[in-house]
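Here is the structure we will look at.
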Amino acid sequence: MFESLFDPYSYPFWILIIAVIAGAIMIISRPFSTYVKFVYPNAKFEAMGNPFIGDKELDSVAESKDIISFKETINTLKDYNISGEDTYSVQKSLDDTFIETVNMMRNDSSKKMNDFYDVYLEKLDIHLVKNMLKRRIEGKKIDEKKLDETILSTTKKLLQKIIDAEKNDLQGILKNYGFNEEIIQAVSDEKPDFLTIDTAIDKHIINRFKQTKVPYKCEQGKQRFVKTMIDIISIKNILRAKQLGYNEESCKKMFIGEGREIAPWKHNELAELESVSQVINSLEGTSYYDPLKNAIEDYNREKSVQVLEIALDQLFLRLVRDISTQNYISIGPTIRFLVSKEFEIRNLKIIAKGVSENLPVDIIKSFLVKEAA
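Quick note: the sequence shown uses this note's numbering, first residue 39, plus one each step.
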């Protein structure tokens, strides 16, 4: 049998050769099949770009005389068709534009990216879940108009169930919607700790990102994005906590997972410090130190961590740009366009609000997140 298998004049020999060649072709071609699926969408996203995270375009829009001129300026771009005559409706239209953009990206991308897009939209909805869940636990009145602010229909259904439910039914509702035992337990406590609930929900979203399947050869880029996001959220949480005077134990409760540069031991070290400035100094040697150090004077003057959060958001855009460059033929440009579009829409909503309230241009600009050159 083995003699015929290695006999070049026998059929088994050539069947073996063909099988080996076919297997080699499949192994070699698999990464390329992934890259091919990203060629068109990535080229489209790069061509569209995100003009409203750049200095020039943002400055121009921020100088709009009123909400109508703001809308007209935005609509000169082919990718925007904003409607509405007042601030709320214009901002709602901007939110709708983001949803339309994600749907466009979904349609142009591999079907294996669908779960990633779903989790990203779920991330944007999660603050509504946090706020409404806490109000329900406290027995406070809930504004049902908030339901219209949801992006996903599943989030809207969840919030409606939370509104209609008795307090004792919340655990079952959360379990049915896939929330883990940590959140359910936190809600079940006789005296629920809202800090624990917030942290558990953040961890839930982080884990959803970690577990989300993406196309072959895209996992590394996705994981780097997720770990960078963990770092940014963790540092923001600690800075905010120190500003509000939270104690060490409370700060340690805010740990949501290990990031790229903020390991568990580093998070504990930050939690043990007493002030915002000490936290920033302790970050020396990480990617996050220089942007925060450069913003410390503004923080000392304004006594608001918002200036530090904006510095971190701008750094986040730069780090996402690096992820895009390093994963250019796969998931990188997709992640960059999606994240940049989120910040672009946020910038435009801030400008719309500022213009409608006749705020000075310099004040409006101070709240904008721009991508560094």
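For glycine and all other residues, C-beta sits at the position ideal for the given N, C-alpha and C.
Let me check understanding here. Comparing Cα to Cα, which of the options lies closest to residue i?
i, options, result
"V225", "K291, D240, Q209", "Q209"
"L96", "K387, K290, N332, W303", "K387"
"Y337", "K408, I318, A390", "I318"
"I294", "N285, Y215, K248", "K248"
"H242", "L277, Y118, Y158, K179", "Y158"
"N385", "G92, K82, L282", "G92"
"F136", "S378, E395, L397", "S378"
"D227", "I244, K205, N214", "K205"
"K82", "L376, E219, E380, I389", "L376"
"E340", "Q281, K304, S394, E138", "Q281"
"I300", "S320, V314, Q316", "S320"
"V140", "D400, E380, I389, S325", "E380"
"A390", "S127, Y118, K94", "S127"
Excluding sequence positions up to five away, which residues of its chain have a Cβ less than 8 Å from the Cβ of residue i?
i, result
"S67", "Low per-residue confidence applies at S67: pLDDT is 46, beneath 50, and the placement is therefore not dependable enough to give any value."
"I106", "E123"
"T266", "G297, R298, F354, L357, V358, I361"
"K260", "F154, F247, T250, V252, I369, I373"
Just the Cα atoms here: how many angstroms apart are residue i and residue j?
i, j, result
"I334", "S362", "29 Å"
"D181", "L212", "20 Å"
"K109", "L406", "18 Å"
"P371", "N80", "6 Å"
"R374", "S368", "12 Å"
"K274", "L350", "8 Å"
"F263", "V358", "7 Å"
"E287", "A410", "36 Å"
"K75", "Y155", "16 Å"
"K331", "I201", "43 Å"
"D104", "N396", "8 Å"
"I348", "N285", "24 Å"
"S147", "T125", "33 Å"
"N145", "K304", "41 Å"
"E310", "D186", "41 Å"
"G283", "E312", "8 Å"
"G216", "D360", "33 Å"
"N245", "P253", "18 Å"
"Q364", "N88", "19 Å"
"P412", "I222", "The structure shown has nothing for residue 412, since the chain only spans 39 to 411."
"Y78", "N306", "44 Å"
"G302", "S131", "Note on residue identity: the sequence assigns Pro, not Gly, to residue 302. The alpha-carbon atoms of P302 and S131 are separated by roughly 41 Å."
Taking all protein chains shown into account, do 16 or more other C-beta atoms lie within 10 angstroms of the C-beta of residue i, making it buried, or fewer, making it exposed?
i, result
"A279", "buried"
"K403", "buried"
"Q352", "buried"
"E84", "exposed"
"Q129", "buried"
"N113", "exposed"
"V99", "buried"
"P329", "buried"
"D207", "exposed"
Skipping 5 residues on each side, what residues in its chain have a beta carbon closer than 7 Å to that of residue i?
i, result
"T188", "D163, L166, K194, L197"
"T234", "A224, K291"
"K251", "K150, D153"
"K199", "I211"
"T324", "E299"
"N119", "N113"
Identify whether residue i lies in helix, strand or coil by the three-state DSSP scheme.
i, result
"I65", "In this prediction, I65 scores a pLDDT of 47, lower than 50, which makes its location untrustworthy; the coordinate-derived value is nonetheless stated afterwards. DSSP places I65 in helix when its eight states are reduced to three."
"S313", "coil"
"G87", "coil"
"N338", "helix"
"T192", "helix"
"T237", "helix"
"L321", "coil"
"V399", "helix"
"C256", "coil"
"F293", "coil"
So, does the CB of residue i fall closer than 8 Å to a CB anywhere in chain D?
i, result
"E380", "No chain D is part of this structure, which consists of one protein chain only."
What does a CB cutoff of less than 6 Å around residue i pick up in its chain, not counting 5 residues either side in sequence?
i, result
"V345", "A333, D336, Y337"
"A392", "It is worth fixing the name first, because residue 392 is Gly in this sequence and not Ala. For G392, where only same-chain residues beyond five positions count, the Cβ hits under 6 Å are I402."
"F354", "I270"
"K161", "I243"
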